[in-house]
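Notes follow the structure.
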Amino acid sequence: MRLWLDLWPDSCHPEDEKRKSDFIKSLKANDETVDFDDLYNCYRELKPEIIEEVAEERCREWAEEIEHSLKLT
Numbered sequence: 044m045r046l047w048l049d050l051w052p053d054s055c056h057p058e059d060e061k062r063k064s065d066f067i068k069s070l071k072a073n074d075e076t077v078d079f080d081d082l083y084n085c086y087r088e089l090k091p092e093i094i095e096e097v098a099e100e101r102c103r104e105w106a107e108e109i110e111h112s113l114k115l116t
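Heads up, the final residue of the sequence shown is numbered 116 in this note's numbering, and it's a clean run with no missing numbers.
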């Protein structure tokens, strides 16, 4: 999670999307989950310069996307 969030997780660049996909695959392979609080706390630690409201919105979207992806795979 830190590798993905420490770079540019919101860029939509293919490499960043691949890191997100790899993270989701790792969660699935290890039968793990991640929630909003996990994402938000890590993201705020790694990117304190991001406005709080923006960080919350991004983390909410990512948490929903990850939850949905884990249900599909």
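Even for Gly, the Cβ is constructed at its ideal location relative to N, Cα and C.
Nothing here was measured: the structure is a model prediction, and the numbers come from that model.
- Just measuring C-alpha positions, the residue of Met44, Cys102, Ala106 and Glu104 sitting nearest Phe66 is Met44.
- For the pair of segments examined, the segment 82-96 was found not to touch the segment 54-69: the number of CB pairs separated by less than 8 angstroms stays below three.
- CA-CA distance, His111 to Thr76, rounds to 11 angstroms.
- In the three-state scheme derived from DSSP, where H, G and I count as helix and E and B as strand, Ser54 is classed as coil.
- Taking Leu70 as reference, the option from Asp53, Trp47, Tyr86 and Cys55 with the minimal CA-CA separation is Trp47.
- Going by beta carbons, Leu82 and Trp51 fall outside the 7 angstroms limit.
- Distances from the alpha-carbon of Asp49 to those of Phe79, Asn84 and Glu107 put Asn84 closest.
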